[in-house]
Every structure is written in C-alpha cells, then in structure tokens.
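Each remark here refers to the structure printed beneath this line.
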Amino acid sequence: MVSYDEPCSKRQRLLVVANRLPVSAKRTGENSWSLEMSPGGLVSGLLGVAAEFETKWVGWPGVDVYDVVGKNALSKSLADMKCIPVFLEEVFDQYYNGYCNGILWPILHHMGLPQEDHKDTNKTYQTQYDAYKKANRKFLDVIIENYEEGDIVWIHDYHLLFLPQYLKEYNNKIKIGWFLHSPFPSSEVFKTLPSRSELLRSVLTADLLGFHTYDFASHFVRTCTRILGAEGTHEGIVDHGKVTRVAVFPIGIDPNRFIKACELPEVGQQMTELKKRFAGKKVILGVDRLDMIKGIPQKFLGFEKFLEENMDWRDKVVLVQIAVPTRNNVPEYQKLKSQVHGLAGRINGRFGSVSSLPIHHLDCSVDFNFLCALYAIADVMLVTSLRDGMNLVSYEFIACQEAKKGVLVLSEFAGAAQSLGAGAILVNPWDVTEVSSAIKEALNMPAEERDERHRLNFQYVKTHSAKKWGDDFISELHDTFTESDMKIKKIPVGLPQQDVIQRYSKSNYRLLILGFFGTLTEPMNNQNEELDLKLNPELKGTLKALCNDPKTTVVVLSRSGKNILDKIFGEYNIWLAAENGMFLRDTTGEWVTNIPENMNLDWVDGTKNVFKYFTDRTPRSFFEASETSLVWNYENADVEFGRAQARDLLQYLWAGPISNASVDVVRGNHSVEVHAVGETKGVAVGRILEEIVRKKSMTTPVDYVFCSGYFLEKDEDIYTFFKPEVMSSKLSHETRSKSSASNHSIKKKNLLSNVLDLKKGNYFSVAIGQAHTKARYVVDSSHDDEDIYTFFESEIVPSKLSHETRSKSSSSNIMKNQISPNVLDLKKENYFSVAIGQTRSKARYVIDSTQDVVDLLHKLAIADTTTMANTVSNSELHQRLAMETRI
Ligand SMILES: O=P(O)(O)OC[C@H]1O[C@H](O[C@H]2O[C@H](CO)[C@@H](O)[C@H](O)[C@H]2O)[C@H](O)[C@@H](O)[C@@H]1O
Ligand SMILES: O=c1ccn([C@@H]2O[C@H](COP(=O)(O)OP(=O)(O)O)[C@@H](O)[C@H]2O)c(=O)[nH]1
C-alpha cells in the first residue's frame with residue numbers, strides 16, 4: 016500500500032499526472048471503497064519518487080463511477096492518499112481500451128496499427144481519437160482545479176499526449192515535463208499513425224521530454240525531423256524556433272523496499288514453503304502482465320524446445336509464470352489469453368506427469384510479499400519481452416537475489432537490456448533456439464560466474480533507483496525551464512494590435528513594408544513552387560484599399576523575380592522590389608534596375624548546373640532562378656535526405672562555380688540560396704525610400720512604418736535601420752567595399768531630407784512566429800527570409816555576422832547612414848516590424864501566424880473609417896472591405 020510523508024511547505028509541489036493512480040478502487044458499498052495498489056511498473060517506479068516532493072497524484076481510479084454519492088465518497092478516500100481522481104465515465108472505453116491500448120500501444124511497441132473495423136461504426140479510429148482528446152481535457156480540468164502557481168506538472172505516458180498542449184494553452188508558465196514509459200518506435204512505424212503530426216506537435220509543447228533509453232529518444236527525435244521537418248539538435252527538437260529538450264532518464268526501483276521485504280519473517284516463511292513445494296527442482300520464474308509485448312508465447316516455445324532437447328532436465332525444472340491480468344476488454348488481450356493457455360496445456364501435456372507439471376501458469380496478480388518470496392527463491396528469471404519500455408520485474412528480481420545470486424535471462428528488446436546487459440544473458444525472444452540455449456546456460460552456470468554477474472547488476476540496481484530517476488528528471492526540468500525562461504526574456508513581445516491600428520489612423524503618411532512569400536501568399540500547404548505563387552485571395556480587397564489610400568504607401572519586398580511580381584501585383588498601386596531589391600517597380604509599373612554596373616554574374620551558369628544536378632537527384636526538390644540569385648529548395652523532399660544533399664551541394668559550389676565569386680550563400684531550413692553580394696532587404700528598403708522620394712513629390716514626411724514578413728537573418732537589417740547607434744556605427748571593412756552604393760546614397764541625401772518623421776512608437780517590426788528576431792513583433796509560419804526588420808531600428812547593433820551576412824548588413828548600414836537622418840522622421844514607437852513564423856528574429860514584435868498579419872491588414876484598411884477597427888469580426892471586415900473596394 017502506498018504511504019506518503021506529511022506535507023512540508025518547503026518541498027517542491029509536484030503534480031504527478033498519469034492515466035492510472037497508484038491505487039485502484041473497488042466498491043464495497045454505496046459510500047465505501049477499498050483501495051489496493053495498481054499493477055504495472057509505472058506505479059512501482061513513481062512510488063520511489065513521491066516522498067521527495069510534496070506530491071499529489073492525478074489519475075483514473077481504476078473504476079467507472081457515475082453517481083455523485085459514489086464519486087464524492089471515493090474522492091474523499093483517495094484524498095487521504097494524496098490522490099485526485101479523474102472520472103472518465105462515458106469516454107473511458109474508447110479512450111483507454113480503444114485509442115490508448117488498441118492503437119497507440121501496438122504502434123509504440125512496433126506491432127503495427129490494427130485494421131480499422133468499418134462495420135463497427137460506434138468504435139472507429141475517429142471516435143476513439145475524439146474520446147482520447149476528451150479524456151485529455153478531463154485530465155486538464157482536474158489539474159486546473161488543483162494547480163497552484165509554482166507547481167511542477169509531470170505528465171506520464173502515451174495516454175496523455177494532448178495534455179502538454181492543453182495545459183500550455185491554459186497557462187504558458189506552467190513547468191511541464193513528460194515522460195514516456197513505453198518504447199518509442201522507429202519513424203517508419205510511427206508514420207503509419209493517422210494524426211501523427213498533431214500528436215507530436217502537442218507533446219513538443221512540454222518543456223522537457225524524457226525516455227528510458229537513448230534508442231527511444233533518438234527514434235523520437237528522428238520521427239520529429241522526418242514527420243514535422245523539425246530540427247534535431249544536441250538539446251532536443253527545434254520546431255518553428257521553439258526548442259523542446261529531449262533527454263534520457265532510465266527508471267529504477269526502490270531497491271531497499273525489496274531487500275527489506277526479503278528479510279521479513281513472513282516472506283521467509285513463504286520462501287520456505289516455496290522451496291519445499293519445488294524441492295529437487297530448479298525454478299525458472301516469469302512475471303509479466305498478460306500483454307502481447309511481454310512475449311509469453313515465445314517464452315513457452317523456448318522452454319518447450321529446451322525440454323525437447325534436454326531430456327535429463329525434464330523432471331528437474333519448473334517454469335512458474337505469473338500472468339497478471341491486464342486490459343481485459345481489449346480483444347487482442349483476450350485472444351492472447353487463449354493462446355497462452357493453449358500453449359501451456361500443450362507443453363504440460365507433452366512433458367508433464369501425474370506428479371509434476373513443467374509449467375505452473377497463474378492468471379492472477381500476487382501480493383507484494385509473495386512476489387518477493389518468488390523472486391528470492393527463483394534460480395532463473397526469464398524475461399522475453401518482444402519490446403518493453405524498461406521492465407522493472409528484472410530489477411526487482413535482482414534486488415531480491417542477494418542470497419541466491421540467480422541468473423537473469425533478458426530480452427535484448429527490453430529497455431533494461433541497456434542497463435543490465437552486463438550481468439544478464441541477453442536473448443532475442445523471437446529465436447526459440449537461442450532462448451532454449453540461454454535457459455540451459457543459466458541452469459548450468461557455475462557459482463563464480465553467477466556471483467560476478469549478480470554483483471554487476473546489483474550494483475546498478477542499487478545506485479540507479481527510482482528516487483535518482485525522479486530527482487534527475489525534476490532537476491533537468493528546472494534547468495530547462497530556467498534556460499528557456501531566459502531565452503523567452505529576449506524574445507520580442509506579441510504585437511500590440513490596438514496600438515498598431517490607433518497609431519496608423521492618427522498618422523499622416525504611412526509606409527507598409529511587407530514580405531511576399533508566406534506573408535501575402537496563399538496558405539503554405541497549397542504552394543509547392545514559386546511559379547505557382549498566388550496572392551492570398553482574402554487579401555485582394557484589403558490590399559487594394561490600402562494601396563489606393565493617398566496617405567499610405569505599400570511596398571512588397573520579395574526574393575521573386577519581376578515577372579512573378581508583375582503578374583500578381585500588376586493591377587495594384589503598389590511599390591515592388593524584386594530579387595531582394597535588385598529591381599524596383601513604382602506604382603506606375605515602371606521597373607528600374609539596381610544591379611550595379613560592374614556586378615559579376617559569371618558564377619550563375621555554373622551554379623545553375625549544380626542546382627540542376629541536385630534537383631535531378633533529390634526527389635521533390637526544385638530550384639528557382641532569377642537574374643542575380645538562385646535558390647534550391649527541398650522543403651517537399653525527405654528532410655534528412657534533403658539536408659544531406661544540401662551539404663553535398665555546398666561542397667560542389669564552393670569547390671567550383673562560386674569558389675572566387677562575390678556571392679552570398681544563405682542556408683535556409685529547407686533551402687540553399689546563392690545570390691550576388693549586396694542584396695538584403697534592408698538595403699532594398701534604403702533604395703526604395705530614395706525612389707519614393709524621387710518619384711513622389713512628398714510634402715508630408717513618413718511618420719509611421721509597419722514592416723512584416725518571413726525574413727532570413729541576413730535580411731533582418733531592416734528592423735534596426737532607424738536606430739541611431741546603427742546609423743552612426745563605424746563603417747566596417749565590408750561597408751567600405753560598398754562605397755559605390757554609399758556614393759549613390761550621398762547624392763540622394765538632399766532629396767531625401769525631411770521625408771521621415773517617425774516617432775519611436777510608430778515603428779512596428781513584426782516577426783511571424785520567431786522568438787529571436789530583430790523585428791519588434793512576431794507572427795507564426797515556415798518560410799526563411801530575414802534582415803529587413805532592423806532597417807528601421809537603431810538600438811540593435813548586429814551581433815556576430817557570418818561570412819555570408821557580413822557584407823550585406825554593412826551595405827544596409829551605409830544606406831541607413833545616408834538616408835535615415837534626412838528622410839525619416841520615425842519616432843521609435845512609429846515603426847512596426849513584424850517577423851512571421853520565427854523565434855530568433857530581430858523584429859521588435861512577434862506574432863504567431865500569417866493569418867494575424869492578414870487580419871491586421873484588414874483592420875488597417877478600414878482604420879480611417881472606423882474607430883472600432885480592432886473590435887469588429889472578420890466577417891464584418893470582409894463585408895466592409897467588399898463595399899469599400901467593390902470586389
Ligand atoms: O495501466 P495499465 O494499462 O494496466 O498498464 C500498466 C503500465 O504498463 C506500462 O508500463 C510501462 O512502465 C514501466 C515503468 O516505466 C516500464 O518498465 C514498462 O516497460 C512499461 O511497459 C505503461 O507504460 C503504463 O502507463 C501502465 O500503467
Ligand atoms: O502480481 C503482480 C506482479 C507484478 N507486479 C508489478 O508490476 C510491475 C511490472 O513492471 P514492468 O516494468 O516489469 O512492466 P509493466 O507491467 O509496467 O509493463 C512490477 O513493478 C511488479 O512488481 C504487480 O503489481 N503485481
């Protein structure tokens with residue numbers, strides 16, 4: 016029975032959340048319940064942890080209770096044990112028997128997804144999945160009721176994959192750890208699971224993810240890279256800029272609990288009785304839940320072969336198998352029971368006699384003391400799991416064998432094989448001959464070898480206890496949370512929408528600088544190649560309204576070529592910068608080139624050949640070529656293969672066409688871009704400002720800037736463009752080499768003067784979904800383009816610049832030095848740079864999704880006509896826009 020220390024205010028509060036509470040309830044009357052310890056290693060392991068913390072358990076009490084009287088009485092009894100019940104009621108069957116144990120369990124244990132039974136429309140994959148989500152919400156509700164600030168929430172196992180996400184949505188500050196007690200399968204197996212991405216993304220919202228072994232952890236990381244396209248690093252998983260720590264924590268037991276139990280007179284008595292019962296025979300012990308993963312049929316087949324081949328052992332050995340009933344309502348488990356009974360009957364029929372049976376099979380659980388007695392008298396422990404998270408039974412056997420020093424025969428597919436492999440005889444349970452030989456070896460093993468093997472294992476079991484496991488996990492969770500908290504402090508804040516709109520409507524001349532790909536395009540899933548890019552239909556009316564507003568100038572900055580931008584934006588009164596500003600188009604549709612006269616483009620043909628070569632050899636990759644840049648994109652290809660190919664491609668490029676060329680190479684998440692030196696979005700903005708001033712006879716200075724998009728780091732100079740330190744920063748080596756650009760700018764100096772009047776709060780740089788950005792704000796998505804945001808900033812001095820980015824940032828600085836003091840009147844608050852979908856941006860603000868930018872643009876489009884712009888619904892906005900722009 017579980018016991019707990021008295022609460023102590025100094026101890027860390029811990030909410031342990033697992034499907035199963037450590038005690039299971041049985042109704043003894045309307046108002047009364049009896050509680051007994053729940054079976055399974057998860058409970059055993061956690062009992063060793065609970066006393067260290069001020070622990071409360073949240074979980075299912077092992078019974079369905081529907082009546083209020085019963086629920087209240089049970090909750091009260093459980094409260095004494097520091098247990099809080101989650102009543103799963105009508106969702107239980109489809110959640111636990113269905114989704115958890117019928118679908119997830121086989122997948123996690125490499126057993127394949129069962130065929131969906133289409134005849135049973137009440138229990139489909141979808142209904143079970145829905146029940147699973149509902150059950151996770153029920154757990155959430157109970158946690159919310161009991162959560163106190165500062166609590167650590169430690170979630171356990173595959174039953175609760177949605178809980179980290181639900182909890183973070185409720186309160187992002189809750190420290191959440193999640194531990195998987197089962198194995199994690201190879202990505203090829205996990206891939207077969209419908210909703211695989213949703214499940215992975217949810218669990219990745221936790222702060223720390225733990226696995227028993229390195230193999231399981233690396234399977235998980237690899238699955239995330241292959242299925243989500245996330246990045247696996249030494250820290251864990253980086254997905255959309257969010258880092259989730261992944262680490263290995265092998266569980267243990269409380270060894271002293273077993274050692275002490277073996278010293279109890281009552282246990283001694285049981286041991287004597289057992290020895291008497293099996294006198295003259297060696298005892299092989301199996302203790303498993305009656306589960307497919309435990310390989311009980313394989314164990315019996317191995318034992319049968321041993322008896323076949325070793326006649327002299329037939330009446331000198333007995334296999335005692337405790338098969339603890341489990342998940343009785345899952346059809347696969349019912350079938351397994353008949354199969355195991357059939358095999359035991361066959362073997363006993365073949366090799367038994369009137370006076371003795373080779374297999375003693377018990378379909379029941381046994382009490383703790385009797386279990387210890389069994390462990391202590393056994394000569395051999397036989398564990399033949401086909402796949403097992405850890406297998407604590409093998410640890411418990413070792414803890415009880417100080418006197419006897421019996422032999423552990425252990426499946427190489429149990430997590431325990433990694434920790435107890437040195438002392439155990441490892442077997443492949445599928446290989447019946449190997450199991451048979453291992454039994455023989457174990458039974459015949461000399462005492463010295465048994466001692467040595469036992470010593471190794473006992474040492475491990477003693478030192479790697481459940482307490483150590485829990486301490487390690489919680490301390491890692493603390494560290495992870497503190498680190499991520501520190502990182503979060505550097506993250507730009509969410510975009511203050513109301514402020515953006517109010518300042519917009521109060522300003523006299525606004526500049527909206529927008530990225531194209533991923534910002535104004537249709538949602539990313541529908542876009543495979545740049546040639547297919549289309550303007551997000553939701554934005555057509557909005558853009559028209561903004562472009563036609565005489566007080567607003569809209570600029571679209573893109574890596575795309577002139578033709579694509581012309582095709583898409585031809586009808587708009589808009590400024591366009593193609594190929595990252597190498598070409599500019601004003602509102603009349605006239606393009607001007609910004610390519611320096613002496614620009615060397617000799618590298619282009621050779622680079623195209625390399626890109627073509629890799630495109631041919633990397634299924635689903637493609638490349639885009641414009642006059643001054645080339646991009647090879649593998650976002651639709653197999654991620655790992657794409658990354659390996661990208662590394663090779665770079666070797667080819669550096670060894671060949673670009674070895675002496677004046678180019679920048681930018682490695683995106685799923686792309687490699689090569690372009691002529693000197694084009695960043697920051698530089699482009701400088702040129703655009705010059706052109707705007709040249710072409711428009713401006714009487715009012717620009718007093719509001721909103722800048723948002725997915726920008727590569729190199730392009731983030733746009734965010735800091737207006738910051739005084741940057742404007743006055745010393746010119747570096749690279750800047751000097753761009754002197755032609757600077758001369759050009761100096762010539763424009765007078766022309767640009769007095770054109771900007773930007774108060775600090777009127778500048779909004781917004782990264783989409785990035786935490787480390789130069790933009791002032793962030794929204795979320797997947798494309799990889801940044802440097803534009805810092806163009807308008809001045810406090811941010813560019814951090815260490817890579818070989819590729821140095822030349823660009825400096826060239827944008829030179830533009831800033833020349834332009835901004837004269838053209839911009841941008842008080843800090845009047846510049847809004849917004850990065851999309853990134854967590855490492857220099858933008859001032861961060862927003863979660865492109866849709867946030869789309870909605871904001873809708874609101875800006877009508878901001879002058881309504882003071883309620885920030886409160887109207889999207890459908891209302893659409894209606895108003897439709898009227899205003901007659902679309
Ligand atoms: O709660 P049940 O459905 O009856 O199942 C019992 C537990 O089975 C699994 O246990 C695992 O945890 C052990 C400790 O980490 C590990 O040694 C073993 O290999 C696993 O099978 C399951 O993961 C638990 O959630 C269940 O409670
Ligand atoms: O009748 C029994 C026999 C065993 N166990 C316990 O069940 C756990 C099994 O854990 P293991 O990690 O081996 O496998 P799991 O059942 O969790 O998959 C061990 O702690 C055993 O002491 C139990 O509760 N009742």
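The sequence shown maps to residues 16 to 902 in my numbering.
Even glycine gets a Cβ: it sits at the ideal position worked out from N, Cα and C.
On a predicted model such as this, the values are computed, not experimentally measured, just so you know.
Please list, in chain order, all residues of the same chain as E246 whose beta carbon is under 8 Å from its beta carbon, the five residues on each side excluded.
T240, I252, V253, D254 and N684
M326: buried (16+ other C-beta within 10 angstroms of its C-beta) or exposed?
exposed
Could you check if K627 is buried or exposed, using at least 16 other CB atoms within 10 Å of its CB as the buried criterion?
exposed
At which residues does the alpha helix (DSSP H) containing W120 begin and terminate?
W120 to L123
Any residue whose CB is nearer than 6 Å to a heavy atom belonging to ligand 2, listed in chain order
P54, G55, G56, L57, S59, V302, R304, I337, V339, S380, V381, L386, M405, N406, L407, V408 and E411
Neighbourhood of N116 by C-beta distance below 6 Å, restricted to the same chain and skipping five residues each side:
R342 and V345
Between F231 and the rest of its own chain, which residues show a CB-CB distance below 6 Å, the 5 nearest in sequence each way excluded?
P198 and F199
Counting only runs that start and end within the segment 348-429, where is the beta strand (DSSP E) found for 3 or more residues in a row?
374-377, 395-398 and 422-426
Got a sec, what are the start and stop residues for the beta strand (DSSP E) R42 sits in?
V38 to R42
Alpha-carbon spacing of G55 relative to N187, whole angstroms:
32 Å
Inter-stretch contact at 8 Å, needing at least 3 Cβ pairs: the segment 481-501 / the segment 216-225:
yes
Please determine whether the Cβ atom of H196 lies at a distance below 7 Å from any heavy atom of ligand 1.
yes
heavy atom of ligand 1 below 7 Å from G117 C-beta:
no
Confirm, please, whether the CB-CB distance from I673 to V687 is below 8 Å.
no
Which stretch, first to last residue, makes up the beta strand (DSSP E) that contains Q336?
V332 to V339
For the alpha helix (DSSP H) containing N151, name the first residue and the last one.
Y140 to N161
Apart from the five residues on each side of it in sequence, which residues of its chain come closer than 6 Å, Cβ to Cβ, to V570?
I528, W590 and I703
What separation, rounded to the nearest whole angstrom, lies between the Cα atoms of C98 and K521?
57 Å
By a C-beta neighbour count over all protein chains shown, 10 Å radius and 16 as the cutoff for buried, is S835 buried or exposed?
At S835, the pLDDT of 38 sits below 50, so the modelled position is not reliable; the number obtained from the coordinates is stated separately. Under this definition S835 is a buried residue.
With distances taken between CB atoms, is the gap from A88 to W48 smaller than 8 Å?
yes
Is the beta carbon of T448 within less than 7 Å of some heavy atom of ligand 1?
no
How big is the Cα-Cα spacing for T567 and M597?
23 Å
Compare the C-alpha of N151 against each of G127, D82 and V106 and name the closest.
V106
Just to check, is the beta-carbon of G430 closer than 7 Å to a non-hydrogen atom of ligand 1?
yes
Minimum C-alpha distance to M307 - residue among L123, K190 and A66:
L123
So does T399 have its beta carbon nearer than 7 Å to some heavy atom of ligand 3?
No copy of ligand 3 occurs in the structure displayed; its ligands are ligand 1 and ligand 2 alone.
Quick one: what does DSSP say R304 is sitting in, helix, strand or coil?
strand
Please classify R468 as buried or exposed, where buried requires at least 16 other C-beta atoms within 10 Å of its C-beta.
buried
Would K138 pass as a contact of Q109 if the rule is Cβ separation under 8 Å?
yes
Just the C-alpha distance for N648 and T536, rounded to the nearest angstrom, thanks.
17 Å
Taking all protein chains shown into account, decide if V607 is buried (16 or more other Cβ within 10 angstroms of its Cβ) or exposed.
exposed
Ligand 1 and T341: does the residue's C-beta get closer than 7 Å to at least one heavy atom of that ligand?
yes
May I ask which residues mark the beginning and end of the alpha helix (DSSP H) holding D867?
T865 to A876
Reduced DSSP secondary structure (H/G/I, E/B, other) of P634:
coil
E801: buried (16+ other C-beta within 10 angstroms of its C-beta) or exposed?
Low per-residue confidence applies at E801: pLDDT is 41, beneath 50, and the placement is therefore not dependable, though the value from the model is reported in the following sentence. Result: buried.
Answer yes if the segment 420-427 comes into contact with the segment 326-337, meaning at least three C-beta pairs across the two stretches below 8 Å, and no otherwise.
no
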